[in-house]
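A.B. asks: Following this message is one structure expressed as structure tokens.
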Amino acid sequence: MEHTSSAAALVAGSGLSVNIDIGLAVEQALEQTQARVLPGCADLVMVFASGAHAQDMERVCDAIGGALNPGALIGVTGESVLGTEQEVERRTALSVLAVSLPGTRISPFTYRDLPHVKLDEPDSLAALAGALGADPDLRGIFVFVDPFSVPAASLAESLGQVHRAVPGLRRSPVIGGLASASPKPGGNILVLNGRSMRHGAVGVVVRGAVDIDTLVSQGCRPIGQPQVVTGASRNVMQMLGGRRAMDVLRETVTGLSPEDRELLPNGLFLGRVINEYKPRFGRGDFLIRGVMGVDQNSGAIAVGDMVRTGQTIQFHLRDARTASEDLELLLAAQRLSSPPAGGVLFTCNGRGSRLFAEPSHDARLVSRTLAGDDGTPMPLAGFFAAGEIGPIGGSSFLHGHTAALAVFRPRTRLEDLG
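In our numbering, the protein residues as written are 1 to 418.
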């Protein structure tokens, strides 16, 4: 059922607890959240639980929903969770974000509510747009996915293409993540407005007087030169610029510094250009995918995505310094706008202490960089996902090794100012 906000101001509050007692954890997270957002004032609540609390997710969400009485509540279990300035990795923890969104309408959905979509069929996209209630007021879609029961990559891309089916509808961000609490089918829990499930996907569609601004930090830097794919089959590149793909890679590696060569065993990736019409390419122009392997006999390279002839690609490297610099750069661009009320962060479970020497790197950097005018860190919640969903180059994709952030601001687009 669609919820219409009656809030007077855009306000966000977040809470994080590491207490292993479920009752005390809920109490502590709510106390922090309600310091900013009073009961009955939250239009959207997001809940993230790890460890022992993940297995009690339904009970956790019932308690939080009963206390906050939100317009919509969505939750997901993760291996680790995060809050304002803090990440809690591989331990029991609870994180909550509550947002009052005046002038908005929020509609919940599950994977079962959505039709099967073929992106090359307009009627198929139109059916999806209808199921979501997409209209020119669409501002964003949040979605949490069970990785064992849903084709998350195709779902993310389909949701991100609904604008093609609705006249006057601009591209709106699709952002979220894959549940990561369990490595086994049926081990993760998704929650939507009092319903819990161990498969499928849950989400909310947000429309109206709010800006949902997003960034996706892929944490990679290009090496070598852009190359045009001249031979490919499915996810295998045979030829780049008329040469064997392996030979181009070998030439690229030869030109690296000794320090960069040390990163190759775990840090080599492939970037596929999203907009081929740009005169030059840099960070943010590539969709990053993993290099899966090289066939020494044929010289072909397998990658973690479909590749077709005519696409432009470039090899990339990933390390902690590059990942930090990339996130800092994207956050600096966000500071050109007014401070956001709050945000939600979906970071890869391969980041955190597995990548950075500094604890709570992403959460601390985001909260502090996007602090309010008084210096108070931005309210933040989120989790470490088994795959992150967010927009790159205007289109939404499923990612790995990224940090995907959404922040809430009052609607300020020119068309809404009169």
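A virtual CB, placed ideally from N, CA and C, is assigned to each residue, including glycine.
According to the Cβ coordinates, are Ala93 and Gly51 closer than 8 Å?
C.D. replies: Yes, the pair counts as a contact, with Cβ atoms nearer than the cut-off.
A.B. asks: Quick one: is the Cβ of Val204 within less than 7 Å of any heavy atom of the ligand FMN?
C.D. replies: By its list of ligands, the structure shown contains no ligand whatsoever, and the ligand FMN lies outside what it can speak to.
A.B. asks: Does the distance from the CB of Asn61 to the CB of Ser100 come in under 8 Å?
C.D. replies: According to the sequence provided, residue 61 is Cys. The question's Asn does not apply to it. No; because the gap between Cβ atoms is not below 8 Å, this pair is not in contact.
A.B. asks: Below 8 Å CB to CB, which residues in the same chain sit around Ala24 once its five sequence neighbours on both sides are set aside?
C.D. replies: Contrary to the premise, residue 24 reads as Leu rather than Ala in this sequence. So the qualifying residues of the chain are Ser17.
A.B. asks: Could you name each continuous alpha helix (DSSP H) segment of 4 residues or more that falls completely within the region 25-63, going from the start of the chain to the end?
C.D. replies: Counting whole runs of 4 or more residues, the region 25-63 contains the alpha helix (DSSP H) stretches 52-55.
A.B. asks: Buried or exposed for Met419, please, with buried defined as at least 16 other CB atoms from any protein chain shown within 10 angstroms of its CB.
C.D. replies: Since the first residue of the chain shown is 1 and the last is 418, residue 419 is not available in this structure.
A.B. asks: Do Ala209 and Pro339 count as a contact pair if the criterion is CB distance below 8 Å?
C.D. replies: Taking 8 Å as the Cβ cut-off, Pro339 and Ala209 do not qualify as a contacting pair.
A.B. asks: Mapping DSSP to helix, strand and coil, what is Gln334?
C.D. replies: Helix, per DSSP.
A.B. asks: Could you say which of Thr402, Val228, Leu215 lies nearest to Phe408 if we only look at CA atoms?
C.D. replies: Selected option, being the one with the closest Cα: Leu215.
A.B. asks: Could you give the C-beta distance for Leu398 and Ala156, rounded to a whole number, given that I count them as a contact under 8 Å?
C.D. replies: Yes, Leu398 and Ala156 are in contact; Cβ-Cβ is about 5 Å, under 8 Å.
A.B. asks: Would you say the region 168-179 touches the region 59-78, given that touching needs at least three Cβ pairs under 8 Å?
C.D. replies: Counting Cβ pairs under 8 Å, three or more are found: they touch.
A.B. asks: Val125 lies in the alpha helix (DSSP H); which residues open and close that run?
C.D. replies: It should be noted that the sequence gives Leu, not Val, for residue 125. Residues 122-132.
A.B. asks: Inspect the beta-carbon positions of Leu365 and Leu327 and report whether they are closer than 8 Å.
C.D. replies: A contact, by the Cβ cut-off of 8 Å.
A.B. asks: Beta-carbon of Ala152 versus every beta-carbon of chain B: anything under 8 Å?
C.D. replies: Absent from the structure is chain B; it holds one protein chain and no more.
A.B. asks: Considering Cα atoms alone, identify which of Gly352, Asp373, Ala357, Arg411 is closest to His401.
C.D. replies: It is Gly352.
A.B. asks: Tell me the DSSP secondary structure of Glu328 in three-state form.
C.D. replies: Three-state result, Glu328: helix.
A.B. asks: Give the single residue among Ala333, Gly284, Ala323 whose Cα lies nearest to the Cα of Gly271.
C.D. replies: Minimum Cα distance to Gly271 is reached at Gly284.
A.B. asks: DSSP three-state call for Pro265: helix, strand or coil?
C.D. replies: Note: Pro265 maps to helix in three-state DSSP.
A.B. asks: Which value, in whole angstroms, describes the spacing of the CA atoms of Met237 and Phe148?
C.D. replies: Approximately 28 Å, taken between the alpha carbons.
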